[in-house]
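Below is one structure, written out as structure tokens; the observations come after it.
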Amino acid sequence: MKSPLIPYLALAIILILIAIFAPFLTPYDPYSQDLTNALKPPNVQNILGTDRYGRDIFSRIIIGSQTTICTSLVLLFVITIFGTFIGTICGYKGGMIDNILMRISDVFLSFPQMVFAIAVSGILGGGLLNAGIALAVIAWPKYARLSRGLTLTIRSMPYIQSAKMAGTGTFAIIWNHILPNIAGSIFVTAILDLGTIIMELAGLSFLGLGAMPPTAEWGAMMNNGRSMLQTAPWVILSPGFAIFVTVVIFNLLGDKLRDVIDPKNRV
Amino acid sequence: MHKTKQLQTSTRQSQENREINNYHKINKPLLGGLGVPQYIFSRLLQLIPILIGITFLTFGMLKFSSTDVVDKMYEQSGTISEEVKAKKRAELGLDQPFLVQYGKWLKDVVSGNMGKSFVSDKSVLEIFLDKLPATLELMAISILLTIFISLPFGIISAINQNKFFDYIIRIFSFIGNSLPNFFVALLLIYFLALKLNLLPIMGSIYDWRSVIMPALTLTIAMSSKYIRQIRAVILEEINKPYVIGARSRGVKESTILIKSVLPSTFVTLTTLLALSIGSLLGGTAVVEIIFMWDGVGKMAVDAILMRDYPIIQAYVLWMSIIYVFVNFLADLLYYQLDPRVRLEKEKL
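Which chain is which? The protein sequence lines are D and X, in order. Take the first sequence: its letter number 210 is residue 211 in this note's numbering, and every next letter is one higher. Take the second sequence: its letter number 115 is residue 1166 in this note's numbering, and every next letter is one higher.
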């Protein structure tokens, strides 16, 4: 039985394309203010209405997709690469390095993720970059642990032993023989994490610890509209649904990818 | 056809369970000949480096942050000479080297003194103990609600596998998993408080109704996760030989469910609770701010905005203590709940 992966993949690719080409897709300038046109409910000109400075919400959501999705993807990429790098080295080398690095990762793992992210991004002074740093610092040990575990199971396999006997260097073995075998599982975990990262990043922005106004970011947009929930709910609800739809698409893709890629799931 | 489908779903479930089982395996109490008291003691010893690491980390971050607490304090009071600021820094001990500051703080903490708030000049411990009950109340109610919601729905979903109710429950738990908690909170306010006028918007500990929305917000995210896992555990359990055996002996289906299958979900529940304490602690911060719930999460974010170091430090320290301690309790609970863990010790 084949899982219908293609439609989810297509949806995710469309989302990423929208995020990349966002500046060309907005019907209005997402940053131009027009106070005479402030807080208009959804209508023909502004299909999602306008915010309190008269900016077109639809345009801001499209531009916001760039901030939210691209930042999350870059962040996830950095976390995965770094975590996997540490994990494979620990798993393959063992000994002192392994001991020290795993104790360090213990410290991070034994700490509530969002508490740490809130504290650190607040301490670093807000901003999208600092929020990203805060999330990255707390998230890498998960990948280090995962790739270490996977590396440990592969390390003692005959083909690694023979590569070693043939005189292959550590990095060549990790790159050519270990990484290809563990990449699938790590990739799936990363895609499954993407939704969480998007939500956490938006959450930090919502608390005023991530993207700063006037940057169009979905969480920050919701924060700006918080006081107007009663009078102008569209200001909050549309970016909220944008986050929701994005997370749903990536979560579905992650579920399907897990079924397809992860060899342990093949019947 | 039908059989392959079933096989596939069951492998997927075991995949979903793998994370949990791994957690269980990794954190399995390695009693190795030790009695329970020694085990507790050795676990408590292991906590010390973790707590030192965490506090050192936040201390370092505060030290290297771009904004200075004294600058922040005098932000509103116009131009203040550097002399006054320097005096204030000396008073707060901020002019000393980093390691000296950390050492002093650590020494004070060990002797039970968590310092004074830079902003309000009150004892940190006092402020903290003042705010903690509200947060604990919120967490306790959400956890109870989560268990009461996710157990029955997980069971219904599992015994109706791939039927109507199962699909409905799975769709809802998928949606719940994909909603950020601040959006859930705002949706609840919008519909329950503003549209239907059922509940008050802002929190006050004197009105029992005000706890409903913050608790629901936390519950929705947690139970979506729990339902999936409980369903998976029950599906795995329900096909085991002992259940088939009981069924063939004519034991009633409801008896099998309640007496044999249900207890097997308790280990999973314990793991889930231990794992989700972390996200719950972070989640309460967000929820407390939205609902103006006067707990430690709101206190921490306020303190971060004011650069009130002693409060941030105390928050980080206490949250990690709670987190680590709950995980430790979970390990002890495994020992009670899972006979395999217990037997392993007896074998040794």
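Every residue, glycine too, gets a C-beta built ideally from N, C-alpha and C.
According to the neighbour-count rule (16 or more other Cβ atoms, all chains shown, within 10 Å of its Cβ), is residue i buried or exposed?
{"i": "D:K257", "result": "buried"}
{"i": "D:P181", "result": "exposed"}
{"i": "X:V1161", "result": "exposed"}
{"i": "X:K1349", "result": "buried"}
{"i": "X:N1213", "result": "exposed"}
{"i": "X:A1191", "result": "exposed"}
{"i": "X:K1182", "result": "buried"}
{"i": "X:T1322", "result": "buried"}
{"i": "D:K143", "result": "buried"}
{"i": "D:R274", "result": "No answer is possible for residue 274 of chain D: the residues shown for chain D start at 2 and end at 268."}
{"i": "X:W1259", "result": "exposed"}
{"i": "X:L1096", "result": "exposed"}
{"i": "X:K1303", "result": "exposed"}
{"i": "D:G133", "result": "buried"}
{"i": "D:E101", "result": "The sequence as given places Ile at residue 101 of chain D; Glu does not occur at that position. D:I101 should be labelled exposed."}
{"i": "D:E201", "result": "buried"}
Whose CA, out of the options, lies closest to the CA of residue i?
{"i": "D:Y32", "options": "D:P5, D:I187, D:G65 and D:M229", "result": "D:G65"}
{"i": "X:V1284", "options": "X:K1114, X:L1326, X:L1313 and X:S1371", "result": "X:L1313"}
{"i": "X:R1221", "options": "X:S1208, X:N1232 and X:S1229", "result": "X:S1208"}
{"i": "D:M222", "options": "D:G241, D:Q231 and D:M97", "result": "D:G241"}
{"i": "D:A23", "options": "D:C71, D:G127 and D:F78", "result": "D:C71"}
{"i": "X:I1363", "options": "X:Y1218, X:F1110 and X:Q1147", "result": "X:F1110"}
{"i": "D:V67", "options": "D:L18, D:D30 and D:D57", "result": "Looking at the sequence provided, one finds Gln at residue 67 of chain D rather than Val. Minimum Cα distance to D:Q67 is reached at D:L18."}
{"i": "X:A1336", "options": "X:L1269, X:L1308 and X:I1101", "result": "X:L1269"}
{"i": "D:L110", "options": "D:S60, D:W141, D:F188 and D:W235", "result": "D:W141"}
{"i": "D:A39", "options": "D:T232, D:D260, D:M200 and D:M103", "result": "D:T232"}
{"i": "X:V1262", "options": "X:I1309, X:D1345 and X:S1305", "result": "X:D1345"}
{"i": "D:V246", "options": "D:I262, D:W219, D:R227 and D:M229", "result": "D:W219"}
{"i": "D:A217", "options": "D:S122, D:V45, D:D57 and D:A191", "result": "D:D57"}
{"i": "D:S206", "options": "X:I1105, X:D1217, X:F1199 and X:F1233", "result": "X:F1233"}
{"i": "X:S1171", "options": "X:D1353, X:I1372, X:M1273 and X:L1230", "result": "X:D1353"}
{"i": "X:F1169", "options": "X:Y1241, X:L1187, X:Q1387 and X:L1143", "result": "X:L1143"}
{"i": "X:F1242", "options": "D:P234, D:P113 and D:S163", "result": "D:P234"}
{"i": "D:Q34", "options": "D:S157, D:R61 and D:I119", "result": "D:R61"}
Tell me the rounded alpha-carbon separation between residue i and residue j.
{"i": "X:S1275", "j": "D:T197", "result": "14 angstroms"}
{"i": "D:L210", "j": "X:G1333", "result": "14 angstroms"}
{"i": "D:I7", "j": "X:I1226", "result": "21 angstroms"}
{"i": "D:G168", "j": "D:I174", "result": "10 angstroms"}
{"i": "D:L50", "j": "D:D194", "result": "In the sequence as displayed, the identity of residue 50 of chain D is Gly instead of Leu. Near 32 angstroms, if we compare the C-alpha coordinates of D:D194 and D:G50."}
{"i": "D:I159", "j": "X:N1290", "result": "Residue identity check: residue 159 of chain D is Pro in the sequence provided, not Ile. If you take the alpha carbons of D:P159 and X:N1290, they lie about 36 angstroms apart."}
{"i": "X:N1164", "j": "X:L1145", "result": "18 angstroms"}
{"i": "D:A203", "j": "D:W176", "result": "34 angstroms"}
{"i": "D:P215", "j": "D:F59", "result": "15 angstroms"}
{"i": "X:V1338", "j": "D:I237", "result": "16 angstroms"}
{"i": "X:I1101", "j": "D:L77", "result": "26 angstroms"}
{"i": "D:I63", "j": "D:L26", "result": "7 angstroms"}
{"i": "X:Y1366", "j": "X:E1177", "result": "13 angstroms"}
{"i": "X:I1194", "j": "X:T1316", "result": "16 angstroms"}
{"i": "D:L254", "j": "D:Y9", "result": "5 angstroms"}
{"i": "X:K1136", "j": "X:L1356", "result": "19 angstroms"}
What are the partner residues of residue i, as DSSP defines its beta bridges?
{"i": "X:K1303", "result": "DSSP output for X:K1303 lists no bridge partner at all."}
{"i": "D:D57", "result": "D:T51"}
{"i": "X:S1174", "result": "X:K1167"}
Specify the secondary structure class of residue i as computed by DSSP and reduced to three states.
{"i": "D:T27", "result": "coil"}
{"i": "X:K1349", "result": "helix"}
{"i": "D:K257", "result": "helix"}
{"i": "X:S1224", "result": "helix"}
{"i": "X:K1155", "result": "helix"}
{"i": "X:K1182", "result": "helix"}
{"i": "D:R149", "result": "helix"}
{"i": "D:G44", "result": "In the sequence on display, residue 44 of chain D carries Asn and not Gly. Note: D:N44 maps to coil in three-state DSSP."}
{"i": "X:K1344", "result": "In the sequence as displayed, the identity of residue 1344 of chain X is Trp instead of Lys. The answer is coil: DSSP assigns X:W1344 none of H, G, I, E or B."}
{"i": "D:A221", "result": "helix"}
{"i": "X:F1379", "result": "helix"}
{"i": "X:K1214", "result": "coil"}
{"i": "D:R227", "result": "helix"}
{"i": "D:M158", "result": "coil"}
{"i": "X:F1400", "result": "Nothing can be reported for residue 1400 of chain X, as the shown portion of chain X is limited to 1052 through 1399."}
{"i": "D:G168", "result": "coil"}
{"i": "D:Y93", "result": "helix"}
{"i": "D:S33", "result": "coil"}
{"i": "X:S1261", "result": "helix"}
{"i": "D:M103", "result": "helix"}
{"i": "D:P142", "result": "helix"}
{"i": "X:I1358", "result": "Checking the displayed sequence, the identity of residue 1358 of chain X turns out to be Arg instead of Ile. Coil at X:R1358, not helix or strand."}
Using a threshold of 7 angstroms, is the CB atom of residue i nearer than that to any non-hydrogen atom of the ligand FMN?
{"i": "X:S1274", "result": "Among the ligands in the structure shown, none appear at all, so the ligand FMN cannot be discussed."}
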